[in-house]
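Colleague:
Protein chains: 2
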Amino acid sequence: MIRVGVNGYGTIGKRVADAVAAQPDMELVGVTKTSPNYGAEGAVRRGYDLYAAIDDRVDEFEAAGLGVAGTLADLLDAVDVVVDCCPSGVGERNRPTYEAHDVPAIYQGGEDADIADASFNARGSYEAARGAGSLRVVSCNTTGLSRLLAPLDETYGVEKARVTLVRRGGDPSETDRGPINDVVPDPTTVPSHHGPDVNEILPDVDVDTAALRAPVTAMHTHSVNVTLDEEPSTEAVRDLLGGESRVFLIPEGAGIDGAGALKDYAADVGRPRGDLWENCVWEESISVEGRDLYLFQNVHQEADVVPENVDAIRALATDASRAESVARTDESLGVGLDSLLSDGGAARSPLAADD
Amino acid sequence: MIRVGVNGYGTIGKRVADAVAAQPDMELVGVTKTSPNYGAEGAVRRGYDLYAAIDDRVDEFEAAGLGVAGTLADLLDAVDVVVDCCPSGVGERNRPTYEAHDVPAIYQGGEDADIADASFNARGSYEAARGAGSLRVVSCNTTGLSRLLAPLDETYGVEKARVTLVRRGGDPSETDRGPINDVVPDPTTVPSHHGPDVNEILPDVDVDTAALRAPVTAMHTHSVNVTLDEEPSTEAVRDLLGGESRVFLIPEGAGIDGAGALKDYAADVGRPRGDLWENCVWEESISVEGRDLYLFQNVHQEADVVPENVDAIRALATDASRAESVARTDESLGVGLDSLLSDGGAARSPLAADD
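From first to last, the protein sequence lines are chains A and B. Just so it is clear: in the first sequence, position 55 is 55 by the working numbering, and no numbers are missing. Just so it is clear: in the second sequence, position 5 is 360 by the working numbering, and no numbers are missing.
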């Protein structure tokens, strides 16, 4: 059993904790919070041992009626791997502490790439992460792009990818963030940092990204163009992407017209927290014109990195192969959404057409 | 076992179906959909028998790969009670069909009050609904107001209630609704219809309502003033409302600052679909100035009527008392949220202060 601690039980941390707790080969030792707020209460309700992220706040937790098992230092003494899910930049401040406790650490994509020995995405760089003493799981957007570009590059070759990222302004509980009533270039410079971040995973793929922010909270939306080396049919690209376990093809005619309906569907199929771990690609948007592929995909910023963190733990702490780890993660969480309506009407399936 | 059918498996219907399926004394016979969309897929995935709401669409379901058990008429022949969860106005069109099948029906609050023998809210009018052949569960906003005003009127007497309803524009999946970037009077006439609808439940409570719509999807927000006959302390009102099983007092200091955080908390404590079945009252907003009580409450428009529908089924089909039905509903669903942080710091509890 790999003993895992999660430092920072916020949007990502609470989901990583649930995912770790669901793994047959992992033990969630505990999670940290900086203050006894509703998130800390949620951890206690789930039966997770709570640790104070800041030493002198133990009394504050006790006073609020949420007992803690110790401090961050105590947690680090009890684990084989720590997953840092703190806000961007705090991971960098935490690094010396992890190193002092000699605990291999996994950081999130809000940190600079040089915080860890390697950046990580299970589809794009699992084997390349072998032997690292620390890993950085790339951001939700970079994860979504890596999952898409890796199979396209392997199968057809990517000459150049150009992507516009229409990013959500904040998470659903982040009341104070903007923008409101505007779509703002962010950064205004083009290309944005997302393309270079993809190159931390796929160094040989030529990709430029332009990023905007919109007044929405549910998901990011990517408008993707990839100029391929070959000229596959639209159908072939649909089948290729449909075969990826962490890509969900949103079926035509299902009535899913945006992020709101997508998350409604996620709840309908029983996803905890309405989470969508997969890239969500609108099937009918997939179009090939000559060597140019176009599509829209949505990325759930709260969720898509969660299975990646689980795989990163195995890459760091075990000899499991990529295939073994991904299969185990997907099986335990239920990753690999496949709509019953995908072949509705038997429009595309030769097998069904023979029925 | 009460055999129940749900006609209309949308925002409310899917939740009522789950709630009925969770009752030890009820059997969910099946649900209807008008077309084989993602919602229909969700019903099939949950193992619910699907019925075509429109007779000549059976083939359409079959072609989409979602087999149906029959049509609405077949469902009505197999149930003791039907819960109509169709869009507003469709219930009225369905009424002759239910009557032709001699099936007692429960309608939703979007229908006119005269569609049924009585309007229903478990807290306000359970016993008054006895002997009815059909019931109408009042709307989410009226439900929220009835739950609040019933205990206040019983305990202190209500001289007059004045409420501003800041309503959500649409549900999360309703992409096409407004308003965007505006708060609009709706209706512009004051008082709105909500006050008279409360009087369908509490005929003797004097209440005026003014309604707005805002560009949000998560919850309605009520700004409430109630002039009471007596002058209770703020503390006494907090305790009164805190003792109501379908009122959740949002604790001070928990970091819950709006509907986004509220729904995040609901997911943290394991609520299916992030649902909040209770009125959510900001504890620190509760203030008494002389005989004037003020508070803010949020109402989850997708969820608060769900336990009410379950109780309405028992009121229509059994001899269970209000207390028996409400206790059974709350126990089976887990209604009655009570934060571990409610008495954090022992600031208010005399018992805790003695510790």
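Beta carbons: idealized from backbone N, C-alpha and C, even for Gly.
At a CB-CB cut-off below 9 Å, which residues of chain B make contact with residue 235/A?
Modeller: The contacting residues do not exist; residue 235/A stays about 19 Å from chain B at best.
Colleague: Alpha carbon to alpha carbon, what distance is there between residue 137/A and residue 594/B?
Modeller: Whole-angstrom Cα-Cα distance: 47 Å.
Colleague: Which partner residues does residue 652/B have in the DSSP bridge list?
Modeller: 577/B, 636/B
Colleague: Show which residues of chain B have a CB atom less than 8 Å away from the CB atom of residue 227/A.
Modeller: By Cβ distance, chain B contributes nothing, its closest Cβ being about 31 Å from residue 227/A, past 8 Å.
Colleague: Pull up the distance between the alpha-carbon of residue 446/B and that of residue 440/B, whole angstroms please.
Modeller: 8 Å
Colleague: Please list, in chain order, the chain B residues whose beta carbon lies closer than 7 Å to that of residue 285/A.
Modeller: Here the premise fails: no neighbours, minimum Cβ distance about 16 Å.
Colleague: Starting from residue 84/A, trace the beta strand (DSSP E) in both directions and tell me its first and last residue.
Modeller: Counting along the chain, the beta strand (DSSP E) containing residue 84/A begins and ends at 81-84.
Colleague: For a cutoff of 8 Å on Cβ pairs, would you count residue 256/A as touching chain B?
Modeller: yes
Colleague: With a threshold of 8 Å between beta-carbons, can residue 388/B be considered close to chain A, or not?
Modeller: no
Colleague: Measuring CB to CB, does residue 212/A end up less than 8 Å from residue 165/A?
Modeller: yes
Colleague: If you measure beta-carbon to beta-carbon, which residues of the stretch 209-225 of chain A are closer than 8 Å to chain B?
Modeller: 217, 218
Colleague: Apart from the five residues on each side of it in sequence, which residues of its chain come closer than 6 Å, Cβ to Cβ, to residue 500/B?
Modeller: 553
Colleague: For residue 291/A, report the span of its beta strand (DSSP E) as first-last.
Modeller: Taken as a continuous stretch (DSSP letters only), residue 291/A belongs to no beta strand (DSSP E), as it is neither H nor E.
Colleague: Give the secondary structure of residue 19/A by DSSP, where H, G and I count as helix, E and B as strand, and everything else as coil.
Modeller: helix
Colleague: Which one of 112/A, 162/A, 170/A, 125/A has the shortest CA to CA distance from residue 154/A?
Modeller: Nearest C-alpha to residue 154/A: 125/A.
Colleague: With C-beta atoms as the reference, is residue 513/B less than 8 Å away from residue 427/B?
Modeller: no
Colleague: Three Cβ pairs or more, each shorter than 8 Å: is that satisfied between the stretch 21-31 of chain A and the stretch 45-56 of chain A?
Modeller: yes
Colleague: Pick from 475/B, 442/B, 646/B, 408/B: whose alpha carbon is nearest that of residue 360/B?
Modeller: 408/B
Colleague: So for residue 314/A, helix, strand or coil by DSSP?
Modeller: Residue state, collapsed to three classes: helix.
Colleague: Please name the residue, chosen from 573/B, 657/B, 569/B, 547/B, that lies closest to residue 562/B on a Cα-to-Cα basis.
Modeller: 547/B
Colleague: Under 8 Å: do the stretch 519-535 of chain B and the stretch 690-698 of chain B share three or more Cβ pairs, one atom per stretch?
Modeller: no
Colleague: Which of the three DSSP states is assigned to residue 134/A in this structure?
Modeller: strand
Colleague: Based on Cα-Cα distance, which residue from 12/A, 120/A, 62/A, 34/A lies nearest to residue 313/A?
Modeller: The closest CA to that of residue 313/A, considering only 12/A, 120/A, 62/A, 34/A, is found on 120/A.
Colleague: Applying the criterion that 16 or more other CB atoms from any shown protein chain within 10 Å of the CB defines a buried residue, is residue 143/A buried or exposed?
Modeller: Buried is the call here.
Colleague: With a threshold of 6 Å on Cβ separation, who are the neighbours of residue 389/B within its own chain once the five nearest residues in sequence on each side are excluded?
Modeller: Apart from sequence neighbours up to five positions away, the residues of its chain that approach residue 389/B with a beta-carbon distance below 6 Å are 408, 409, ordered along the chain.
Colleague: Counting only the same chain and skipping the five closest in sequence on each side, list residues whose C-beta sits under 7 Å from that of residue 344/A.
Modeller: Confidence at residue 344/A is low in this model, with a pLDDT of 47, below 50, so its placement is unreliable and no value can be given for it.
Colleague: Beta strand (DSSP E) containing residue 619/B: first to last residue?
Modeller: First-last for residue 619/B: 614-623, but that is the alpha helix (DSSP H), not the beta strand (DSSP E).
Colleague: What is the rounded straight-line gap between the Cα of residue 714/B and the Cα of residue 496/B?
Modeller: Only positions 356 to 710 of chain B appear in this structure, which leaves residue 714/B out of reach.
Colleague: List the DSSP bridge partners of residue 208/A.
Modeller: 162/A
Colleague: Would you call residue 246/A buried or exposed, if buried means 16 or more other Cβ atoms sit within 10 Å of its Cβ?
Modeller: buried
Colleague: Please give me, in chain order, every unbroken run of the alpha helix (DSSP H) with length at least 4 that falls completely inside the stretch 382-462 of chain B.
Modeller: Listed in chain order, they are 393-400, 413-418, 427-432, 445-455.
Colleague: Check residue 611/B in the structure and name its three-state DSSP category.
Modeller: coil
Colleague: Measuring only the C-alpha atoms, how far is residue 322/A from residue 434/B?
Modeller: Rounded to the nearest angstrom, the two C-alpha atoms are 51 Å apart.
Colleague: Please list the residues of the stretch 616-629 of chain B that have a C-beta atom closer than 9 Å to any C-beta atom in chain A, keeping them in chain order.
Modeller: 616, 617, 618, 619, 620, 622, 623, 624, 625, 627, 628, 629
Colleague: Can you give me the Cβ contacts of residue 462/B inside the same chain, cut-off strictly under 6 Å, excluding the 5 residues immediately before and after it?
Modeller: 439, 446, 470, 471, 491
Colleague: Find the residues of chain B that neighbour residue 37/A, judging by a C-beta separation of less than 7 Å, and give them in chain order.
Modeller: Here the neighbours are 609, 610.
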